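The block underneath contains the structure these notes are about, expressed in structure tokens.
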Amino acid sequence: MKWIISSCFLILLYGCSALPDVKPWQKGHLAKEEMTFGSDGFDDAFDDHIYFSKEASSGGRGLGGGGCGCN
Amino acid sequence: MRTDKKCRWALAGAVSTLLGTQSQANDTDWQAETAVRYYSEDGRVTSVEPVLQLSNTDEQDRTISINIAYDSLSGASPNGAAVSDQVQTFTSTSGAANTATNYSSNTPQTTTSASGRTLTTRDGDDDDEDEDEYSAGTVSQYQAKAGEVPLDPSFSDQRFAFSMNISQPISRSMETSFGISYSKETDYQSVGMNGGATFLMNQKNTQLGVFFGLEKDEIIAGGGTPLGLSSTQDEIKVSDSEDKLVLDMLVSLTQNLSPNAIMQANYSVSQSSGYHTDPYKIISIVDEDNLPVGYVFEHRPDERTKQSLYAAFKYHLFADTFEASYRYMWDDWDVTSQTWETKYRLNLGHFYIQPHYRLYKQSGTDFYVDSLNATDHAPEFASADYRLGKLTTQTIGGKISWQFSQDKALSLRLERYQQTGESDAAQMNATISQISYKWRF
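Residue numbers (the working numbering), protein chains in the order written: chain A, 1 to 71; chain B, 1001 to 1441.
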């Protein structure tokens, strides 16, 4: 499993070097809050708490966390 | 070098955008967001949670964020016992606890487990002398009718949660963050800390983040921690409280793909050791006719390692934002899950509407059972908690937000959550709603 994960990241890193650069003056849309990851963090925290309590998975977009009995 | 007029206008616009961003970053006002979150399962648990989040970014781009929440939970919760053709009777104690007592309708037989500060057990026949008292408290009985999922109707708990996070740029290409968290329930306490660093590369088109988390939990089961897989009738307690230690790591790569697209790929691993069992969940012991003859407490392994790969994508089209994500998670309990999620933010001037859809599918753990046969050997681990079985869930809903001035916004979320699975207890629908208000001061 470790080599699969390592390979994925190597491919990703290699892929990034081949991606076109976005110039600073082209980042008008990317600078919008809604285009950043975590812009819905306030809502996501509520969802993550529910899904952590009701499903067997957690984490992914952030640290797994938990901190509740969630019986 | 000559620059034509059209290009000069474009450059002027870009400089203006950058300056605008800079001035916004230098705004040292506090931003606050407060909400009331409401979660209600049809015929089961309801939770109401007021929450306040404060954040501030100073002139050195240091950001501090504080989150305070208090939630109150009450209602009915599945106790783990299987559906039966007979009436089943259980005993529940007050507090965040769930107790099991059963006797079949034909042959009264009492089994009692504990959770809660009090436990009084009484045989089905009142003239029986068997009676144990552990501490003061209220004991109530409830029944599950034939063919009905056994639910403890008196489940109740309160939770207070606090967290704080500070992030700070160290250089033009590196930012660090540090955070702490604390939460307390009647029977659960959690203390955590996290930290990490983000590296900006490739003209800030690439961000590589590495984060770590450490969490220490204490589980104080009401009435003591029951011995795993022991009969609820025997009331064998092994300790007053149990611990769990969780170590998390997340590696995150964010990449600008074009002036309108951005993606993120994450790998995370979470290793926990200690007490993972739900001390209030029980398992039915059934005879060859599938009739319950007793109950035992569930028992889960003391170690768990979860890993996940997550990818998310955002695209700016027209004046809106489209977002999609996928997560694949696996662990050493034989759970694998897939999660698909998508949102579309439709901007309408001062309003926006954001429909949301999420689909989640999981396989069950290798120790999930609906019930145990009385004639079989006891397994090493077993749980009848439907959340560890095969499960499919869907969330459908949306959010509407009104930004009625530059710094103030009012939002409402309303969603429907549906669960289906191999267990009867897994058939559940819930409403998720949140009203929130954001402002600066």
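Backbone N, C-alpha and C fix where the C-beta goes; we use that ideal spot for every residue, glycine too.
Since we're looking at a predicted model, the values are computed, not measured.
For a contact defined as C-beta to C-beta under 8 Å, what are the partners of B:Lys1306 on chain A? Those are Ser57, Ser58, Gly59, Gly64, listed as they occur along chain A.
Under 8 Å, Cβ to Cβ, is there at least one residue of chain A near B:Glu1185? Output row for B:Glu1185: interface = yes.
Count the other C-beta atoms from every protein chain shown that fall within 10 angstroms of the C-beta of B:Gln1406, then say buried if there are 16 or more, exposed otherwise. Within 10 angstroms of the beta-carbon of B:Gln1406 lie fewer than 16 other beta-carbons, which makes it exposed.
Less than 8 Å between CB atoms is the rule here; does B:Asp1366 satisfy it with respect to chain A? Closer than 8 Å: no.
Taking only runs that begin and end inside the stretch 1261 to 1340 of chain B, name each unbroken beta strand (DSSP E) of 3 or more residues, in chain order. Taken in chain order, the complete beta strand (DSSP E) segments of 3 or more residues contained in the stretch 1261 to 1340 of chain B are 1261 to 1274, 1282 to 1286, 1292 to 1297, 1303 to 1317, 1320 to 1331.
With 16 other CB atoms within 10 Å as the buried threshold, where does B:Gly1043 fall? Exposed.
Could you tell me the distance, in whole angstroms, from the CA atom of B:Phe1381 to the CA atom of B:Ser1171? Rounded to whole angstroms, B:Phe1381 and B:Ser1171 show a C-alpha spacing of 50 Å.
With H, G and I counted as helix, E and B as strand and the rest as coil, what does DSSP make of B:Pro1379? DSSP places B:Pro1379 in coil when its eight states are reduced to three.
Jot down the residue ranges of each uninterrupted alpha helix (DSSP H) in the stretch 30 to 67 of chain A, minimum 4 residues, whole runs only, in chain order. For the stretch 30 to 67 of chain A, the continuous alpha helix (DSSP H) assignments of 4+ residues that do not extend past its boundaries occur at 41 to 54, in sequence order.
Is there contact here, the stretch 1141 to 1161 of chain B with the stretch 1073 to 1080 of chain B, by at least three beta-carbon pairs under 8 Å? Touching, yes.
Taking all protein chains shown into account, do 16 or more other C-beta atoms lie within 10 angstroms of the C-beta of B:Ile1396, making it buried, or fewer, making it exposed? By the 10 Å Cβ count, B:Ile1396 comes out exposed.
Reference B:Tyr1386, options B:Gly1349, B:Lys1408, B:Gln1427, closest by Cα: Comparing alpha carbon positions, the residue from B:Gly1349, B:Lys1408, B:Gln1427 closest to B:Tyr1386 is B:Gln1427.
Once DSSP output is grouped into helix, strand and coil, what is the label at B:Glu1422? Assignment of B:Glu1422 by DSSP, reduced to helix, strand and coil, places it in the coil class.
Would a check of beta-carbon distances place A:Phe52 closer than 8 Å to chain B? So, not an interface residue.
Would you mind stating whether B:Lys1390 and B:Gly1421 have Cβ atoms separated by less than 8 Å? Going by C-beta atoms, B:Lys1390 is nearer than 8 Å to B:Gly1421.
Proximity test, Cβ basis, 8 Å: B:Leu1388 and chain A: At least one beta carbon of chain A lies nearer than 8 Å to the beta carbon of B:Leu1388.
Secondary structure at B:Arg1062, three-state DSSP: helix, strand or coil? DSSP places B:Arg1062 in coil when its eight states are reduced to three.
So is B:Leu1317 buried or exposed if we call it buried at 16+ other beta carbons inside 10 Å? Per the 10 Å Cβ criterion, exposed.
Quick one: any contact between the stretch 1371 to 1380 of chain B and the stretch 1303 to 1314 of chain B, if contact means 3 or more CB pairs under 8 Å? The stretch 1371 to 1380 of chain B makes no contact with the stretch 1303 to 1314 of chain B; the number of CB pairs closer than 8 Å stays below 3.
Compare the C-beta of A:Asp48 with all C-beta atoms of chain B and state if any pair is closer than 8 Å. No, its Cβ sits nowhere closer than 8 Å to a Cβ of chain B.
Candidates B:Ser1268, B:Asn1260, B:Ile1220, B:Lys1438, of which the one nearest B:Val1251 by Cα: Closest option to B:Val1251, Cα to Cα, is B:Ser1268.
Compute the distance between the beta-carbons of B:Ile1282 and B:Val1296, then report whether it is under 8 Å. In contact: B:Ile1282 and B:Val1296 (Cβ atoms closer than 8 Å).
Once you ignore the five residues that flank B:Leu1200 on each side, which residues in its own chain have a CB closer than 8 Å to its CB? Short of 8 Å from the beta carbon of B:Leu1200, and not among the five residues preceding or following it, lie these beta carbons of its own chain, in chain order: Arg1172, Ser1173, Met1174, Glu1175, Thr1206, Gln1207.
In this structure, how does DSSP classify B:Leu1346 when only helix, strand and coil are distinguished? Three-state result, B:Leu1346: strand.
Taking 8 Å as the cut-off, decide whether the C-beta atoms of A:Ala56 and B:Ser1077 are in contact. No, the pair does not count as a contact, with Cβ atoms beyond the cut-off.
So, does the stretch 1254 to 1267 of chain B touch the stretch 18 to 36 of chain A, judging by three or more C-beta pairs under 8 Å? Touching, yes, given that three or more Cβ pairs across the two stretches are closer than 8 Å.
Just to confirm my understanding: we take B:Thr1365, look at its own chain, exclude 5 residues before and 5 after, and list those with CB closer than 6 Å. What are they? If the five residues before and after B:Thr1365 are omitted, its C-beta is found closer than 6 Å to the C-beta atoms of Trp1333, Asp1334, Val1335, Leu1388, all from its own chain and listed in chain order.
Determine, using beta carbons only, whether B:Tyr1142 comes closer than 8 Å to chain A. Not one chain A Cβ lies under 8 Å of B:Tyr1142.
Throw me the rounded Cβ distance for the B:Ala1144 and B:Pro1153 pair, which I believe falls under 8 Å. Between the beta-carbon of B:Ala1144 and that of B:Pro1153 there is about 10 Å, and that puts the pair past the 8 Å contact cut.
Straight-line gap, B:Val1036 to B:Ile1068 (C-alpha atoms, nearest Å): Distance between the alpha carbons of B:Val1036 and B:Ile1068: 12 Å.
So is B:Phe1090 buried or exposed if we call it buried at 16+ other beta carbons inside 10 Å? Per the 10 Å Cβ criterion, buried.
Whose C-beta lies closer than 6 Å to the C-beta of B:Tyr1039 among residues of the same chain, with five residues either side of it excluded? Only Ser1047, Ile1432 meet the Cβ criterion.
Can you list, in chain order, the residues of its chain with a C-beta nearer than 6 Å to that of B:Tyr1417? Leave out the 5 residues immediately preceding and following it. Same-chain partners within the cutoff: Thr1395, Ala1430, Ile1432.
Suppose you measure from the CA of B:Ser1230 to the CA of B:Gln1088; what does that come to, to the nearest Å? Taking the straight line from one Cα to the other gives about 19 Å.
Beta-carbon neighbours of B:Glu1442, restricted to chain A and to distances below 7 Å: Since the first and last residues shown for chain B are 1001 and 1441, residue 1442 of chain B lies out of range.
Roughly how many angstroms lie between the CA atoms of B:Glu1323 and B:Lys1408, to the nearest whole one? Cα to Cα, B:Glu1323 sits roughly 24 Å from B:Lys1408.
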